[in-house]
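Just remember that the numbering used here sits 1 ahead of the position in the sequence shown, which is counted from 1.
To start, the structure under review is shown below, and the notes come after it.
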Amino acid sequence: MAFVEILNVRKVFGTKENDIVALDEASLSFGEGEFVTLLGPSGCGKTTLLRIVSGLLRPSSGTIRVGGRDVTGPYSDYGFVFQQASLMPWRSARDNVLFPMEILGKKDAEALKRADELLELTGLSNFAKSRPHELSGGMQQRVSLCRALIHRPKLLLMDEPFGALDEFTRLEMNDLLLKVKEETKASVLFVTHSISEAIYLSDKVVVFSRRPARVHLEFDLSLPAPRNQATRFTPEFTEAERRASEALGILGAH
Ligand SMILES: Nc1ncnc2c1ncn2[C@@H]1O[C@H](COP(=O)(O)OP(=O)(O)O)[C@@H](O)[C@H]1O
Ligand SMILES: [Mg+2]
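Structure (structure tokens):
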């Protein structure tokens, strides 16, 4: 059964004279525990779709269902990671991670334990007391990942979370994310404009057309397991890159 269902979602911004159709009948569904990546050119509507799935933005028409329930407004069973870590500078890493539990009124012993587990999982145990300015960009993003997972959401929404990081750090974060996904069993809806990142991380890649975004191509990955950096040099990986590049119009052929 599908865990996330996006059915004929359309989103129009602006007034009648000045319409921007950001999404046009976009449909997509995936199961629990799947890692799905939206890949598409800048401005094609990827962020808009994530915001709609999160319930923070209403579609003009169409339906979203998560875990069998219609999304009609904000809900709490998801975590969101943005391109910028957006941590509170005066709080320690640990207190940033715990922030959502304060908002939910659930900062109990179990939450403290979970915060420490997540910091450990992401290699930040020794930095629990550090303030954001004492951490590198990659470490700040790891804190923001822990913060998104602290309430054990079933769904993780990630909008170009590693886009501002250098290439080495991005590769490291990709491996860390695969590990974290294994531990949490969360479903992930991930947005990137990096073809190789999309393929490396995902069970399914969804290629969007230029705005107004429709699903242009959707394909499942069958890469040798376990995935590690050597996976990038396998024929399966190269073939998937070729398919995605074709769908994006980069190779010119279809
Ligand atoms: N709040 C808004 N008001 C008007 N137009 C918007 C708004 N949000 C996004 N858009 C427009 O919708 C289109 C898709 O934007 P977005 O979803 O941010 O694209 P992406 O994340 O794929 O780069 C863009 O043309 C953008 O300018
Ligand atoms: Mg975006």
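Each residue gets a CB set at the ideal place from its N, CA and C atoms; glycine is no exception.
Would you check whether ligand 2 has a heavy atom nearer than 8 Å to the C-beta of residue i?
i: serine 61; result: no
i: glutamate 310; result: An answer regarding residue 310 cannot be provided, because it is not within the stretch 2 to 255 covered by the chain.
i: serine 87; result: no
i: serine 28; result: no
i: glutamate 55; result: Note that residue 55 is serine in the sequence shown, not glutamate. No; taking the cut-off as 8 Å, the Cβ of serine 55 has no heavy atom of ligand 2 nearer than that.
i: serine 43; result: yes
If you measure from the CB of residue i, is any heavy atom of ligand 1 nearer than 8 Å?
i: phenylalanine 209; result: yes
i: valine 192; result: yes
i: alanine 214; result: yes
i: threonine 48; result: yes
i: glycine 262; result: Here the chain has residues from 2 to 255 only, and residue 262 is not among them.
i: isoleucine 7; result: no
i: glycine 15; result: yes
Would you kindly check if the distance between the Cβ of residue j and the Cβ of residue i is under 9 Å?
i: valine 67; j: leucine 29; result: no
i: glutamate 35; j: lysine 205; result: yes
i: lysine 47; j: glycine 56; result: no
i: glutamate 198; j: phenylalanine 163; result: yes
i: isoleucine 65; j: valine 54; result: yes
i: leucine 51; j: leucine 190; result: yes
i: arginine 148; j: valine 98; result: yes
i: methionine 174; j: arginine 143; result: yes
i: threonine 38; j: lysine 12; result: no
i: leucine 214; j: cysteine 45; result: Per the sequence presented here, residue 214 reads as alanine, with leucine not at that position. Yes, the Cβ-Cβ distance between alanine 214 and cysteine 45 is below 9 Å.
i: glutamate 168; j: isoleucine 200; result: no
i: alanine 248; j: leucine 218; result: yes
i: leucine 278; j: leucine 146; result: No statement about residue 278 is possible, as the shown extent of the chain runs from 2 to 255 and does not include it.
i: glutamate 18; j: glutamine 84; result: no
i: threonine 185; j: arginine 153; result: yes
Roughly how far, in whole angstroms, is the beta-carbon of residue i from the beta-carbon of residue j, given that I think they are within contact range, below 8 Å?
i: isoleucine 151; j: methionine 102; result: 6 Å
i: arginine 212; j: alanine 23; result: 6 Å
i: threonine 170; j: glycine 124; result: That pair is no contact at about 13 Å.
i: glycine 69; j: valine 10; result: Rounded, the Cβ-Cβ distance is 17 Å, inconsistent with contact.
i: isoleucine 21; j: phenylalanine 14; result: 4 Å
i: phenylalanine 31; j: serine 188; result: 7 Å
i: valine 269; j: alanine 245; result: The shown model of the chain, from 2 to 255, leaves out residue 269, and the question about it has no answer.
Could you tell me whether the Cβ of residue i comes closer than 9 Å to any Cβ of chain B?
i: glycine 46; result: This model lacks chain B altogether, as it is built from one protein chain only.
Quick check: does the Cβ of residue i come within less than 8 Å of any heavy atom belonging to ligand 4?
i: alanine 23; result: Although ligand 4 was asked about, the structure shown includes only ligand 1 and ligand 2 as ligands.
Say whether the segment 72 to 91 touches the segment 111 to 118, bearing in mind that this needs 3 or more beta-carbon pairs closer than 8 Å, one atom from each stretch.
no
Taking contact to mean at least 3 C-beta pairs separated by less than 8 Å, is the segment 85 to 104 in contact with the segment 127 to 134?
yes
Can we say the segment 209 to 226 touches the segment 182 to 195, given the rule of at least three CB pairs closer than 8 Å?
no
At least three beta-carbon pairs within less than 8 Å, the segment 143 to 160 to the segment 170 to 185
yes
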